[in-house]
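Q: What follows is a single structure, and I will ask about it in a moment.
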Amino acid sequence: IGREMVTTGNWVVPQIEEEVPFWGKPPLMFWFMAASYSLMGFSEYSARFPSFFLSCFTLVMVYFLARRILNASFALMSVLFLSTMALFYSYAGYVAVDTALLFTVTLALSGMLCALISESKSGRRWWSYVFFLGLGLSLLAKGLVGAVLIMGPVILWIWWNREWRTIRSLPWFTGLLLTLLVAVPWHIVCEMKSPGFLDYYIIGEHWKRFTVSDW
290 IGREMVTTGN
300 WVVPQIEEEV
310 PFWGKPPLMF
320 WFMAASYSLM
330 GFSEYSARFP
340 SFFLSCFTLV
350 MVYFLARRIL
360 NASFALMSVL
370 FLSTMALFYS
380 YAGYVAVDTA
390 LLFTVTLALS
400 GMLCALISES
410 KSGRRWWSYV
420 FFLGLGLSLL
430 AKGLVGAVLI
440 MGPVILWIWW
450 NREWRTIRSL
460 PWFTGLLLTL
470 LVAVPWHIVC
480 EMKSPGFLDY
490 YIIGEHWKRF
500 TVSDW
């Protein structure tokens, strides 16, 4: 699909081959692959490089977050544990949208946690926007599953800690606007260029997949 983006110049509608749209997944990972192909040419290495790149940045975020919470030793241990887990290690070399999903979920949750523990108002606001950016990107990585994986822990934290004042102090209006600005335009343009996409993707992939046995 990333190769088709480069050869056809169509970076909006993912295509298995020219004029054959792929509506099953949003485009974030395909964009990374297309960018990799554009920079390094068509090869197995350039196809797998985005997964490796995103996995490395995920480890960087884990290190930063763990160090911010505790100390450098804890951060190094966290990175060591994650990097040697079989599934994480394998996906770092796979061509799969799940690597982009993991990156965006980690980005969002790191932003939220840093916002919650930030001692300054400006720091809390800045980290909040990192959270909302990650939330928007997760919708471009694997759809609503990203939002569920992100908002699930956030809602549980709110319920468990009852930190209503802290939560209310976050820039929810402008933050959610940022999320929408990141995620919504592609969906609209893709529907305009490939009519029927929204029905298949939103209703089919997010509802019928779980309720219709032969979907």
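Start counting the sequence shown at 290; every next residue gets the next number (our numbering). Ideal Cβ positions, reconstructed from N, Cα and C, are used throughout, including at glycine.
Any idea which residues DSSP pairs Val309 with across the strands?
A: Paired residue(s): Glu306.
Q: What residues in its chain sit with their C-beta under 6 angstroms from that of Leu396, if we drop five residues either side in the sequence?
A: Excluding positions up to five away in sequence, the list reads Gly423.
Q: Is the region 406–424 in contact with the region 465–483, if contact means three or more CB pairs nearer than 8 angstroms?
A: Yes: the two stretches touch, three or more of their Cβ pairs being nearer than 8 angstroms.
Q: Please list the terminal residues of the continuous alpha helix (DSSP H) segment that includes Arg414.
A: Taken as a continuous stretch (DSSP letters only), the alpha helix (DSSP H) holding Arg414 covers Lys410 to Lys431.
Q: Just confirm the distance between the C-beta atoms of Phe392 and Leu343, as a whole number of angstroms; I'd bet it's less than 8 angstroms.
A: With a Cβ gap of about 4 angstroms, Phe392 and Leu343 count as contacting.
Q: Should Val394 go down as buried or exposed, given a rule of 16 or more other Cβ atoms within 10 Å for buried?
A: Result: buried.
Q: List the endpoints of the continuous alpha helix (DSSP H) containing Thr296.
A: Looking at the DSSP string, the run of the alpha helix (DSSP H) that includes Thr296 is Gly291 to Thr297.
Q: I'd like to know if the region 372–385 and the region 326–339 are in contact, where contact means that at least 3 CB-CB pairs between them fall below 8 angstroms.
A: Taking 8 angstroms as the limit for Cβ pairs, the verdict is that the region 326–339 does touch the region 372–385.
Q: Near Ser427, what residues of its chain come up, given a Cβ to Cβ distance below 7 angstroms and the 5 sequence neighbours on each side ignored?
A: Closer than 7 angstroms at Cβ, skipping near neighbours: Leu390, Thr393, Val394, Ala397, Gly435, Ala436 and Ile439.
Q: If you draw a straight line from the C-alpha of Phe353 to the C-alpha of Tyr418, how long is it?
A: Those two C-alpha atoms are separated by around 17 angstroms.
Q: For a quick check, are the C-beta atoms of Ser399 and Met350 less than 8 angstroms apart?
A: The answer is yes: Cβ separation under 8 angstroms.
Q: Would DSSP call Asn360 helix, strand or coil?
A: Coil at Asn360, not helix or strand.
Q: Who are the near neighbours of Gly464 in its chain, counting only those whose CB is closer than 8 angstroms to its CB and skipping five residues on each side?
A: Excluding residues within five positions, the ones whose Cβ falls inside 8 angstroms are Ser417, Tyr418, Phe420 and Phe421.
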